[in-house]
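Per the numbering used here, residue 9 is the first one in the sequence shown, and the count goes up by one each step.
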Amino acid sequence: MVTVPMSDVDSDIGERLNKLQEISSLLEPDAANRQTMLAKVASYTEAFADGIGERPVYQPPEDAAATLEALKVSEQPEPIDNALKLLDDHVTTLGHGLGSDRFFAYIPSGGLYSAALGDFIAAVINRYAGVGHAGPGAARLEQSLLDWLAKMFGYPDSAEGDLTSGGSMAALSAIITAREACGIASRNVPSAVVYITSQTHHTFSKALRIAGLGDCVVRDVPTDDFLRMDAAALQGLIEADREAGLNPWLVAATAGTTDVGAVDPLDAIADVAKAAHVWFHVDAAYGGAFALCDEGKSRLSGIERSDSLIFDPHKGFFLPCGSGVVLVREGDKMRNAFHARGVYMQDMVDDPERSACDLSPELTRPFRGLRLWLPLKVLGIAPFRAALEEKLLLAEYFRDRMQEQPHCELGPGPDLSIVTFRYVPESAEPNEFNRKLVHELRADGRVFLTSTTIDSKYTIRMAILGYNSHLASVDTAIAVIAEKAAELMSI
Ligand SMILES: *Cc1c(COP(=O)(O)O)cnc(C)c1O
Numbered sequence: 009m010v011t012v013p014m015s016d017v018d019s020d021i022g023e024r025l026n027k028l029q030e031i032s033s034l035l036e037p038d039a040a041n042r043q044t045m046l047a048k049v050a051s052y053t054e055a056f057a058d059g060i061g062e063r064p065v066y067q068p069p070e071d072a073a074a075t076l077e078a079l080k081v082s083e084q085p086e087p088i089d090n091a092l093k094l095l096d097d098h099v100t101t102l103g104h105g106l107g108s109d110r111f112f113a114y115i116p117s118g119g120l121y122s123a124a125l126g127d128f129i130a131a132v133i134n135r136y137a138g139v140g141h142a143g144p145g146a147a148r149l150e151q152s153l154l155d156w157l158a159k160m161f162g163y164p165d166s167a168e169g170d171l172t173s174g175g176s177m178a179a180l181s182a183i184i185t186a187r188e189a190c191g192i193a194s195r196n197v198p199s200a201v202v203y204i205t206s207q208t209h210h211t212f213s214k215a216l217r218i219a220g221l222g223d224c225v226v227r228d229v230p231t232d233d234f235l236r237m238d239a240a241a242l243q244g245l246i247e248a249d250r251e252a253g254l255n256p257w258l259v260a261a262t263a264g265t266t267d268v269g270a271v272d273p274l275d276a277i278a279d280v281a282k283a284a285h286v287w288f289h290v291d292a293a294y295g296g297a298f299a300l301c302d303e304g305k306s307r308l309s310g311i312e313r314s315d316s317l318i319f320d321p322h323k324g325f326f327l328p329c330g331s332g333v334v335l336v337r338e339g340d341k342m343r344n345a346f347h348a349r350g351v352y353m354q355d356m357v358d359d360p361e362r363s364a365c366d367l368s369p370e371l372t373r374p375f376r377g378l379r380l381w382l383p384l385k386v387l388g389i390a391p392f393r394a395a396l397e398e399k400l401l402l403a404e405y406f407r408d409r410m411q412e413q414p415h416c417e418l419g420p421g422p423d424l425s426i427v428t429f430r431y432v433p434e435s436a437e438p439n440e441f442n443r444k445l446v447h448e449l450r451a452d453g454r455v456f457l458t459s460t461t462i463d464s465k466y467t468i469r470m471a472i473l474g475y476n477s478h479l480a481s482v483d484t485a486i487a488v489i490a491e492k493a494a495e496l497m498s499i
C-alpha cells in the first residue's frame, strides 16, 4: 500500500484550489468593476428608453440562425460592451414595441422604469421571498401589497393571494385552490362541470388541463350581443346539469375579455353561483386594474363577490412582463391547497411569518413584490388611478372619432379600453380589406394594432393600455388608420 503524506495531499489540493479560485473569482466584481458595468448598462438602457418614441412599433426579426449563432456563449469572458452590442443587434428592439405609446395590439404591457429598478434592487439584494423567516422584510412587503390589492377588489380580511409570473400561473393557482376546496378528486373529474364562454381566455382551459381537470365537462355558456356571459343561461345550464346527475362546481367569468374588452355581468353571475354553491372565479387579468378608479370600479361591480380572481399588473399597472396576481376570498382554502414541507425545512416549523410558498406552487421564486411596490411608492397611487380613468375615456374618444370615418363600422361597447371596428368599403370584400389594412399598418410602423374574428368577421382591435398612450397617441392612430384605409380604398 502506498501512503501519501498528508502534507502532500494538502499542498496538491491547495494548489488546485488556488488555480480554480483564480478563475472562479471572476464571478466577484469589485466595487469599481460594478460601477463601470452599471454605468454602461445605464447608458444602454437610457438610449433605449430615450428612443422609444421614435422607433417603429414593430420591427421584423432577422434570420433565426444568424441570431442563434451570434448569441452563443463561450468559455472566455467578453467585455460588457460586446454583450450590449449583441443585444442591440439581435434582441433589444426586435418584434413588438411594448412600451411605445403607439402600441395598441393584443393587451399592451407597459414597462414602467421604476419597476425595472425594483427588479434590479430585488436581484442585487436577493432576499428569499418564498419563505417568511428567510426574507421577512420581503415577505411582509409582498403581504402588504396583497392586502392592498384585496381591499382594492373589495375582498374581506380573510383573503389571501400570491404574486405570480402572470395570468396563466395565477389562473392555475386559483383553479387548484378551487379543485381542492370543492373536493374534486380524480375519479370525480368526468362528472364535474366547468362553465366558461367562447370568450374565456385560452390559458384558463390550459390551466384546467394542467391541473388534471382536462376531462371535466366544459360548458360554453351563451353570450349576449357584446359577447358577455348570459347569467340566465348559466343558471339554466347548471340546473340541467344537476338534474342529469353531474356536479357543477366552477364558473369562470371574465372582467375584460381579451378580444373585445367585455365585462361579464359579475353581479348576476355571482347571484347564480352563490345560489347554486358553485365556485365563482373571475379572470380580470386585463380588466382588474380598472378597479383602482371609480369609473372602472363601477364597471367591475360584483367582482368583490367572487371566490377567486386573477389580475395582471403587467397589463393594467403598466409593469414589465412577468407580473400576475391571484387572490382567493377565503385564504385558508389557498393554504390548504398549497401547504407542503420537507424535512430540511424543519427549522421553520414554528415560523410565525407568512410564507408565500404556502400559497403557491413555487418554493424559490423571485422577490416579485419590489417591481410593483417601488413604482407605487415613488410615483404614488394617484397617477395610476388617473392613467386608468384616462384609458377608459380615450377608448370612448377613439370610438366617437372612428364613428365619423366613412365606411367604418364600430363594434359594441367599449366596456373598458378596447374598441373594435372594421371597414365595410363598397368595392372590397370586408375581411380581405381589413386584413390588408392591419398588414399595412404594421408595415408602416407608426402604430401597431391586431385583429380578431367575431362571427366570421375579421375585426380590428384598438387596445388602449399604454401608460404613455395619451390623446396625441390616439390621434396619431386615428390619422394613420384613416390614411391607410383611404389608400387601400383608392386602389
Ligand atoms: C393576458 C390574459 C391572460 C393570460 O395572462 P398571462 O399573463 O399572459 O399569462 C388571461 N386572461 C385574460 C383575460 C388576459 O387578458
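Backbone N, C-alpha and C define an ideal beta-carbon position, used for all residues, glycine too.
#1: Report all residues from its chain with a CB closer than 7 Å to the CB of Arg-195; omit the five preceding and five following residues, and keep chain order.
#2: Using DSSP with H/G/I as helix, E/B as strand and the rest coil, what is Cys-416?
#3: Among Thr-372, Met-497 and Asp-423, which one has its Cα closest to the Cα of Val-432?
#4: Helix, strand or coil: which one does DSSP assign to Tyr-203?
#5: Can you check the stretch 369 to 455 for any beta strand (DSSP E) of at least 3 residues that lies completely inside it and give the ranges in chain order?
#6: Looking at the unbroken beta strand (DSSP E) that takes in Glu-168, where does it start and where does it end?
#7: Go to Ser-459, then tell me how far its alpha helix (DSSP H) extends in each direction, as first and last residue.
#8: With a floor of 4 residues, list each alpha helix (DSSP H) that falls wholly inside the stretch 273 to 340, ordered by position along the chain.
#9: Going by DSSP in three states, Val-65 sits in which element: helix, strand or coil?
#10: Counting beta carbon pairs with one atom in the stretch 47 to 54 and one in the stretch 68 to 86, are three or more of them shorter than 8 Å?
#11: Assuming the contact rule is C-beta atoms closer than 8 Å, Ala-158 and Leu-400 should be a hit. Round their C-beta distance to whole Å, please.
#12: With burial defined as no fewer than 16 other Cβ atoms inside 10 Å of the residue's Cβ, what is the status of Cys-224: buried or exposed?
#13: In angstroms with no decimal places, state the Cα-to-Cα distance between Arg-500 and Val-386.
#14: Smallest Cα separation from Gly-377: which of Ala-73, Gly-103 and Ala-124?
#15: Quick one: give me the first and last residue of the beta strand (DSSP E) that Met-353 is part of.
#16: Is the beta carbon of Val-446 sitting closer than 8 Å to the one on Thr-428?
#17: If you draw a straight line from the alpha carbon of Ser-32 to that of Ile-133, how long is it in whole angstroms?
#18: Please return the same chain residues whose Cβ sits closer than 8 Å to the Cβ of Thr-461, not counting the five positions on each side in sequence.
#19: Excluding the five sequence neighbours on either side, which residues of its own chain have a C-beta within less than 8 Å of the C-beta of Phe-456, listed in chain order?
#20: Which full runs of the alpha helix (DSSP H) of 4+ residues lie inside the stretch 469 to 498, going along the chain?
#21: What did DSSP end up calling Arg-227 once you bin it into helix, strand or coil?
#22: Round the Cβ separation of Arg-373 and Gly-138 to the nearest angstrom and send it over; I've been treating them as touching at under 8 Å.
#23: So, at 8 Å on beta carbons, what are the nonlocal neighbours of Lys-305 in its own chain, with the 5 sequence-adjacent residues on each side left out?
#24: As an exercise, report each continuous beta strand (DSSP E) stretch of at least 3 residues that is fully enclosed by the stretch 59 to 108, in chain order.
#25: Under the rule that 16 or more other beta-carbon atoms within 10 Å means buried, what is Asp-302, buried or exposed?
#26: Heavy atom of ligand 1 less than 7 Å from the Cβ of His-209, yes or no?
#27: With a CB to CB cut of under 7 Å and the five nearest residues on each side skipped, what residues in its chain are close to Ala-276?
#28: Report the start-end ranges of each beta strand (DSSP E) in the stretch 241 to 273 that is 3 residues or longer and not cut off at the edges.
#29: By DSSP, does Thr-467 sit in helix, in strand, or in coil?
#30: Taking the straight line between their C-alpha atoms, what separation do you get for Ser-477 and Arg-454?
#31: In three-state terms, what does DSSP make of Phe-346?
#32: Let's see if you can read the secondary structure: which residues bound the alpha helix (DSSP H) around Ser-33?
#33: Of all the options Asp-97, Asp-20, Asp-355 and Asn-439, which has the alpha carbon lying nearest to the alpha carbon of Thr-70?
#34: Would you say Leu-317 and Arg-343 are within 8 Å of each other, going by their C-beta atoms?
#35: Give the single residue among Val-333, Gly-295 and Asp-279 whose Cα lies nearest to the Cα of Phe-288.
#36: Have a look at Arg-337 and His-285 and give me their C-alpha separation to the nearest angstrom.
Walking through what the data contain:
#1: Working through the sequence shown from its first residue, we reach residue 195 at position 187. Contacts found: none.
#2: Reading the sequence shown from its first residue, position 408 is the one you call residue 416. Here Cys-416 sits in strand by DSSP.
#3: Within the sequence shown, numbered from 1, the residue matching residue 432 stands at position 424. Answer by Cα proximity: Met-497.
#4: Here residue 203 refers to the residue found at position 195 of the sequence shown. Secondary structure at Tyr-203: strand, using DSSP grouped into helix, strand and coil.
#5: Within the stretch 369 to 455, the complete beta strand (DSSP E) runs of at least 3 residues are 416 to 418 and 426 to 431.
#6: Working through the sequence shown from its first residue, we reach residue 168 at position 160. Membership of Glu-168 in the beta strand (DSSP E) is indicated by the continuous run 168 to 172.
#7: The residue given as residue 459 occupies position 451 in the sequence shown. Not the alpha helix (DSSP H): Ser-459 falls in the beta strand (DSSP E), residues 458 to 462.
#8: Counting whole runs of 4 or more residues, the stretch 273 to 340 contains the alpha helix (DSSP H) stretches 274 to 284, 302 to 307 and 321 to 324.
#9: Numbered from its first residue, the sequence shown carries residue 65 at position 57. Here DSSP, grouped into helix, strand and coil, assigns Val-65 to coil.
#10: no
#11: Your numbering for residue 158 matches position 150 in the sequence shown. Your numbering for residue 400 matches position 392 in the sequence shown. Their Cβ separation, rounded to whole angstroms, is 23 Å, which puts Ala-158 and Leu-400 out of contact at 8 Å.
#12: Against the sequence shown, residue 224 aligns to sequence position 216. A residue is called buried when at least 16 other Cβ atoms come within 10 angstroms of its Cβ; Cys-224 meets this threshold and is buried.
#13: As shown, the chain starts at 9 and ends at 499. That puts residue 500 outside it, with no answer to give.
#14: Here residue 377 refers to the residue found at position 369 when the sequence shown is read from its first residue. When only C-alpha atoms are compared, the closest one is Ala-124.
#15: Numbered from its first residue, the sequence shown carries residue 353 at position 345. Where Met-353 is concerned, there is no enclosing beta strand (DSSP E), given that its DSSP letter is neither H nor E.
#16: In the sequence shown, residue 446 corresponds to position 438, counting from 1. In the sequence shown, residue 428 corresponds to position 420, counting from 1. No, Cβ-Cβ distance for Val-446 and Thr-428 is not below 8 Å.
#17: In the sequence shown, residue 32 corresponds to position 24, counting from 1. In the sequence shown, residue 133 corresponds to position 125, counting from 1. Ser-32 and Ile-133: Cα-Cα distance of roughly 21 Å.
#18: Along the sequence shown, read from residue 1 onward, the residue named residue 461 stands at position 453. Closer than 8 Å at Cβ, skipping near neighbours: Thr-467.
#19: Counting from one through the sequence shown, the residue named residue 456 turns up at place 448. The residues are Val-65, Tyr-66, His-104, Gly-105, Ser-108, Arg-110, Phe-111, Phe-112, Ala-113, Leu-449 and Arg-450.
#20: 479 to 498
#21: Your numbering for residue 227 matches position 219 in the sequence shown. Correct three-state label for Arg-227: strand.
#22: Here residue 373 is taken as the residue at index 365 of the sequence shown, counted from 1. Here residue 138 is taken as the residue at index 130 of the sequence shown, counted from 1. At roughly 5 Å, the Cβ-Cβ gap stays under 8 Å, so Arg-373 and Gly-138 are in contact.
#23: Residue 305 sits at position 297 when you count from the first residue of the sequence shown. So the list reads Phe-298 and Ala-299, once near-sequence residues are dropped.
#24: none
#25: Looking up residue 302 in the sequence shown gives position 294. Residue environment for Asp-302: exposed (fewer than 16 other C-beta atoms within 10 angstroms of its C-beta).
#26: Here residue 209 corresponds to residue number 201 of the sequence shown, with the count starting at 1. Checking every heavy atom of ligand 1 against the Cβ of His-209, one is found closer than 7 Å.
#27: Here the question's residue 276 lines up with position 268 in the sequence shown. Contacts found: Ala-239.
#28: 255 to 262
#29: Residue numbering aside, residue 467 sits at position 459 when the sequence shown is read from its first letter. Thr-467 falls in the strand class under three-state DSSP.
#30: Here residue 477 is taken as the residue at index 469 of the sequence shown, counted from 1. Here residue 454 is taken as the residue at index 446 of the sequence shown, counted from 1. When rounded, the distance between both Cα atoms is 13 Å.
#31: As a first step, residue 346 is located in the sequence shown; it is residue number 338 there, counting from the start. The answer is helix: DSSP assigns Phe-346 an H, G or I state.
#32: Residue mapping note: residue 33 aligns to position 25 of the sequence shown, counting from 1. It is not in any alpha helix (DSSP H) - Ser-33 carries neither H nor E in the DSSP assignment.
#33: Position 62 of the sequence shown, counting from 1, holds the residue named residue 70. The displayed chain sequence assigns Glu, not Thr, to residue 70. The residue with the shortest Cα to Cα distance from Glu-70 is Asp-97.
#34: Numbered from 1 along the sequence shown, position 309 holds the residue referred to as residue 317. Numbered from 1 along the sequence shown, position 335 holds the residue referred to as residue 343. No, the pair does not count as a contact, with Cβ atoms beyond the cut-off.
#35: Here residue 288 is taken as the residue at index 280 of the sequence shown, counted from 1. Considering only Val-333, Gly-295 and Asp-279, the residue with the shortest C-alpha distance to Phe-288 is Asp-279.
#36: On the sequence shown, residue 337 is found 329 positions in, with the first residue counted as 1. On the sequence shown, residue 285 is found 277 positions in, with the first residue counted as 1. Their backbone Cα atoms lie some 15 Å apart in a straight line.
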